[in-house]
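Chains as they are written, first to last, in my numbering: chain A, -6 to 154; chain B, 672 to 923. Using N, Cα and C, we set each Cβ at its ideal position, and we do this for glycine too.
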Amino acid sequence: MTSQDHILDLLQNVKDPEIPVISVLELGVVRQVEVDADGKVVVTITPTYTGCPAMDVMATDIKKELVEHGIASVEVKQVLSPAWTTDWITDDGKRKLKEYGIAPPEKTGDIRALKGEAPMVPCPQCGSTNTVMVSVFGSTACKALWKCKDCLEPFDQFKCL
Amino acid sequence: MTDKEALFTYTLRLGDDLLILSHRLSEWCGHGPVLEEDIALANRALDHIGEARNLYDHAVQLEGKGRTQDDLAYLRKERDFVNTLLCEQPNGDYAHTIVRSFLFDAYHLPLAEALTKSSDATIAAIAAKAVKEAQYHLKHSSDWLIRFGDGTEESHRRAQEALDALWTYTGDLFTQDEVHKAMVKAGIAPDLQTIKAGFDATVDKVLDEATLKRPADGYMQSGGRAGKHSEHLGYILAEMQYLQRAYPGAEW
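Below, the structure is given as structure tokens:
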């Protein structure tokens, strides 16, 4: 009998394909894990951004990870509601983003940061708050492009949503 | 037309706007005036197509004939598309592209906000996701429009020309025909007069800051919601549907 905890342990190995240091659990996209009496596992995930192409890859990777560990029957379902927000990224996830060089998102309550009106995003390289947003649209749907005016390095910021 | 058919058509309208605008924006990919804008438009195209896919999934469920989202995108003819005329207008120069998106964003954001309260749970859920992205879109197009309008003599002239040229397509956004009225009655869609109020407020505020002149509401083009399009849509579909028509059933 497969336990829910065992599934969660396995899901910790499934990383965001575009940010390979953070797991689907830390990203907060796993909404529910159910194991029924026959051992069938249903993992419910929710998309980060509506058009994020990584979602299909994550669903495939979740299936692959579980099947490779002997779980014969796996279904990955997507739900839209309630909508994912960056507040669902765990503290561990935020720390790992920062170590990877991506400034973690602000709390969504800070609406000024959401709209890029108060550039208070510290540089993940040197920690300076003397930073400027170059573009609200970055290398992936979830990121904005910033530049540090002290160490002069460009960096990604996980956009607040 | 039954209520269910009306809901199917309404869902298609929402989806078609986004698919067609997304296709237009994706035409800029690799041709953007600066790298950041190339990326920005590709991102926006991705947001729009994501929302369109969710709406198409909902539409085919409602229809219950076993069609897929790809069937709706790739196997319908021009007259079956019910997108608003604004979305299919050509990219033109960058001012045209930005003005087209700005006018759409000024409509899309209040619409998405209103649709979060839709009595159709799926449409409400899709809107709840879209509304946050739509804020970023409107911010992006507004910033550029202000920069163009309040920029150099040439950027001001081009922005005003784009606005004057595209204004005639804004009437079509607010068409309230029988389908729409049925949706309002069922609590699925908002009355477009309320959306128009939000649109007007945004347009007036941003144009004022951009030192651009709001064109007069003269003759308005119409027909998109009934499948009557400008000459441009056929060319979009020819390109967008080519692969599926040449290799039926191809998937990726």
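8 Å is my cut-off, CB to CB: does residue i come that close to chain A?
i, result
"D718 of chain B", "yes"
"K867 of chain B", "no"
"A833 of chain B", "no"
"G721 of chain B", "yes"
"N762 of chain B", "no"
"Y807 of chain B", "yes"
"I769 of chain B", "no"
"K876 of chain B", "no"
"E707 of chain B", "yes"
"A677 of chain B", "no"
"K748 of chain B", "no"
"K800 of chain B", "yes"
"I859 of chain B", "no"
"I797 of chain B", "yes"
When you compare the CB positions of residue i and residue j, do they come within less than 8 Å of one another, or not?
i, j, result
"I691 of chain B", "I907 of chain B", "yes"
"A134 of chain A", "N725 of chain B", "no"
"S812 of chain B", "D776 of chain B", "yes"
"L712 of chain B", "L696 of chain B", "yes"
"R896 of chain B", "R684 of chain B", "yes"
"A805 of chain B", "H767 of chain B", "no"
"V14 of chain A", "Y93 of chain A", "yes"
"V60 of chain A", "I38 of chain A", "no"
"C116 of chain A", "D143 of chain A", "yes"
"G820 of chain B", "L883 of chain B", "yes"
"A47 of chain A", "D9 of chain A", "yes"
"G752 of chain B", "G898 of chain B", "As written in the sequence, residue 752 of chain B is Phe, which differs from the Gly given in the question. Cβ atoms of F752 of chain B and G898 of chain B: closer than 8 Å."
"V129 of chain A", "Y765 of chain B", "no"
"I95 of chain A", "L20 of chain A", "no"
"I55 of chain A", "V17 of chain A", "yes"
"V855 of chain B", "T680 of chain B", "no"
"K803 of chain B", "L90 of chain A", "no"
"V114 of chain A", "W77 of chain A", "no"
"I817 of chain B", "E734 of chain B", "no"
"I710 of chain B", "S693 of chain B", "no"
"D862 of chain B", "N754 of chain B", "no"
"P761 of chain B", "L834 of chain B", "no"
"G894 of chain B", "E749 of chain B", "no"
"D84 of chain A", "K100 of chain A", "no"
"T865 of chain B", "A785 of chain B", "yes"
"A677 of chain B", "A853 of chain B", "yes"
Just checking: is the beta-carbon of residue i within a distance shorter than 8 Å of some beta-carbon in chain B?
i, result
"G44 of chain A", "yes"
"V129 of chain A", "yes"
"Q74 of chain A", "The amino acid occupying residue 74 of chain A in the given sequence is Ser; Gln does not appear at that position. Interface residue, yes."
"L138 of chain A", "yes"
"L145 of chain A", "no"
"L20 of chain A", "no"
"Q25 of chain A", "no"
"A96 of chain A", "no"
"L1 of chain A", "no"
"A106 of chain A", "Here the model assigns A106 of chain A a pLDDT of 49, short of 50, so the residue's position is not dependable and the matter cannot be decided."
Show which residues of chain A have a CB atom less than 8 Å away from the CB atom of residue i.
i, result
"N725 of chain B", "T43, L73"
"H811 of chain B", "V129, F130"
"I794 of chain B", "In chain order: nothing, as chain A lies at least about 10 Å away."
Along chain B, in chain order, which residues have C-beta atoms closer than 8 Å to that of residue i?
i, result
"A52 of chain A", "Near A52 of chain A there are no residues of chain B at all, since even the closest Cβ is about 14 Å away, more than 8 Å."
"L154 of chain A", "K803, E804"
Would you list the residues sitting across from residue i in a DSSP beta bridge?
i, result
"C141 of chain A", "A:T124"
"Q71 of chain A", "A:I38"
"K876 of chain B", "Paired residues: none, contrary to the question."
"V28 of chain A", "A:V34"
"S16 of chain A", "A:K8"
"P147 of chain A", "A:K140"
"V855 of chain B", "DSSP output for V855 of chain B lists no bridge partner at all."
"V23 of chain A", "A:I38"
"A795 of chain B", "Paired residues: none, contrary to the question."
"A96 of chain A", "A:Q150"
In chain B, which residues lie less than 7 Å from residue i when you measure between Cβ atoms?
i, result
"A47 of chain A", "The contacting residues do not exist; A47 of chain A stays about 11 Å from chain B at best."
Run through chain B and tell me which residues come within less than 9 Å of residue i, C-beta to C-beta.
i, result
"A134 of chain A", "N714, L717, D718, G721, E804"
Applying a beta-carbon distance threshold of less than 7 Å, which residues of chain A neighbour residue i?
i, result
"K788 of chain B", "The premise fails here: K788 of chain B is roughly 13 Å from chain A at the closest Cβ pair, so nothing lies under 7 Å."
"I817 of chain B", "Simply none; closest approach about 14 Å."
Identify the contact partners of residue i in chain A, using a Cβ-Cβ distance below 9 Å as the criterion.
i, result
"I710 of chain B", "S128, F130, G131, S132, L138"
What are the complete alpha helix (DSSP H) segments, minimum 4 residues, inside the stretch 725 to 774 of chain B? 740 to 745, 756 to 759
If we require 4 or more residues per run, which alpha helix (DSSP H) segments fall completely within the stretch 774 to 837 of chain B? 792 to 820, 824 to 837
Tell me the start and end of each unbroken beta strand (DSSP E) in the stretch 877 to 913 of chain B that is at least 3 residues and wholly inside, in chain order. none
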